[in-house]
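Under my numbering, the first residue of the sequence shown is numbered 1462, with each subsequent residue one higher. Glycine is no exception: its CB is placed at the ideal position from the N, C-alpha and C atoms. Bear in mind that the values here come from a model prediction, so they are computed numbers and not experimental data. Presented below is the structure to which this report refers.
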Amino acid sequence: MQTTSSRGFTREQLIDLWTRHRAGESRHAIARAVGKRPGSIHFIIRAAGGIAPRLRTRALRVLSLAERQHIARALPLGRSVREIARTLDRAPSTISREVAAHGGRAQYDAEAAERAAAAAARRPKRCRLAQQPELAAFVTWALEHRWSPGQIAGWLRLTFPLVPELHLSPETIYRTLFIQGRGVLKKELQRRLRRPRVARRARTATRKRQGRGQIVAAVPISARPPEADDRAVPGHWEGDLLAGAWNSHIITLVERTSRFTILIAIASKETAVVIAALTREIQRLPEHLPRSLTWDRGSELAHHQQFTIATSVQVYFCDPQSPWQRGTNENTNGLLRQYFPKGMSLANVTQDELDAVADELNGRPRETLGFRTPAQVFHQAVASIT
């Protein structure tokens, strides 16, 4: 586990550091716990890409320093390789290779042999993608098109089930991206991930959420039909506003069964503007595909009753401060931050640009859909009711 960036840290401090990082503790909290400066903690975590290095241990088959020192003492006394091997309870071939690799009988030095063995153990091994350039080229292409590592791994297994050499885990891709020194995938590809970061972030790290206001005559999500909860019947949608700089917004709609996404440009978040845009878009859908709409408690849907009268689609509202009740849409909004990062104004984003982004999202394979695309599942649903 010891690296150039972790000099000055004991083994116990490094274990504690990475344990706390995986638990989602802040770097300031980790610094206080291990008695180091936050900058040192940040440097170690960033240099490792947020991925804890493997804990270095000496394999049982590897000679220890004490064993090497015994060999160094026994050789000048004329002891045979077999005699030394019996004393150390080792195979004669192990002792013979050790002596031959480090100077022979005349020049064997225990400390020099130990240093050479440690250096060989630290030598970085070629990672999986470095050994398969064609596979690395495909992974690069998929990341450039904003596929997630999970989607890449799943699609490869689905497409080439009988070619195990083309199978790899999402973690392999993450490690190749984030661990410095591998040099197979360009670091710029990190910005194509769902949530671009310079290091992996613990899933347990918390995020603050904002509460929303009250909606008159709101129908609670508990009244939503059970068929919407189990995603068995298509046509149940989740919606929200994605916010940009300077009070700019776009509407995001996601169908729960297929994860099919629709993006709508709006001039403002005034309820009249949002209701008009939603009504227009819902009325374009095939009959029976708009069955319900689930929204949070934002004031942009204060006139939800007008929407229901115009479309015959009932709106159900999440409980206050419960974004997980609209989890499909929340996840989609996270994906959209690849295209529309926080701090970017959405005021000048055209509908054509939004349609292109939606097409790309709907064309990606999804693990939850058995690595089919949202477009495939959505169009199958359309065909089944026409």
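The criterion of a C-beta distance shorter than 8 Å is not satisfied by A1581 and T1718.
For I1502, the enclosing alpha helix (DSSP H) covers residues P1499 to A1508.
Distance between M1805 and S1709, taken at the CA atoms: about 9 Å. Annotation for D1690: no residue places its beta carbon closer than 6 Å to its own, counting only its chain and skipping 5 residues before and after. The C-beta distance from V1774 to W1756 rounds to 11 Å, too long to fall under 8 Å, and the pair is not in contact. When the alpha-carbon of E1605 is set against those of R1825, A1836, T1829 and T1722, the nearest one is in R1825.
For Y1777, the enclosing beta strand (DSSP E) starts and ends at Q1775 to F1778. Shortest Cα-Cα distance from I1682 to any of P1610, P1781, P1594 and L1750 involves P1781. Rounded to whole angstroms, the separation of the alpha carbons of G1511 and F1639 is 7 Å. Using a Cβ distance threshold of 8 Å, L1596 and L1627 count as a contacting pair. For V1715, the secondary structure class from DSSP, reduced to helix, strand or coil, is strand.
Fully contained in the stretch 1737 to 1821 are the following beta strand (DSSP E) runs of length 3 or more, in chain order: 1753 to 1756 and 1775 to 1778.
Distance from the CA atom of F1839 to the CA atom of L1478, rounded to whole angstroms, is 46 Å. Counting along the chain, the unbroken beta strand (DSSP E) around E1699 starts and ends at H1697 to G1705.
Spatial neighbours of L1623 in its own chain (CB-CB distance under 7 Å, excluding positions within 5 residues in sequence) are not present. Listed in chain order, the non-local C-beta contacts of R1692 below 7 Å within the same chain comprise R1717 and T1718, local neighbours out to five positions each way being set aside. Of all alpha-carbon atoms in P1610, R1758 and A1561, the one lying nearest the alpha-carbon of Q1786 is that of R1758. Taking 8 Å as the upper bound for CB-CB distance, P1594 and Y1635 are not in contact here, some 19 Å apart.
Between R1720 and the set W1707, Q1530 and E1699, the nearest pair of CA atoms involves E1699. In this structure, the straight-line span from the alpha carbon of L1619 to that of F1832 is close to 7 Å.
Annotation for A1533: Y1569, D1570 and A1571 place their beta carbon closer than 7 Å to its own, counting only its chain and skipping 5 residues before and after. Per the DSSP secondary-structure output, H1531 pairs with nothing in a beta bridge.
Per DSSP, the continuous beta strand (DSSP E) segment holding L1724 begins and ends at T1722 to A1726. Taking 8 Å as the cut-off, the beta carbon of I1712 is found closer than this to the beta carbon of L1739. Per DSSP, reduced to three states, the secondary structure at H1840 is helical. The Cβ atoms of H1749 and G1696 sit closer than 8 Å to each other.
Only residues of its own chain outside the window of five on either side were considered, and among them I1711, L1724, I1725 and A1726 have a CB closer than 8 Å to the CB of L1815, listed in chain order. In this structure, the alpha-carbon of Q1744 lies about 7 Å from that of T1772. In this structure, DSSP gives S1709 an extended state, which the three-state scheme calls strand. Residue pairing by DSSP places P1681 opposite F1778 in a beta bridge. Where R1825 is concerned, there is no enclosing alpha helix (DSSP H), because DSSP gives it neither an H nor an E. Only exposed fits R1576, as fewer than 16 other CB atoms lie within 10 angstroms of its CB. Nearest in C-alpha terms to A1679, of all of F1768, V1734 and L1703, is F1768.
E1761 and L1702 do touch by the CB rule: their CB atoms are close to 6 Å apart, below 8 Å. Counting along the chain, I1676 sits inside no alpha helix (DSSP H), nor does DSSP assign it H or E at all. Annotation: the continuous alpha helix (DSSP H) that includes Q1568 extends over G1565 to Q1568.
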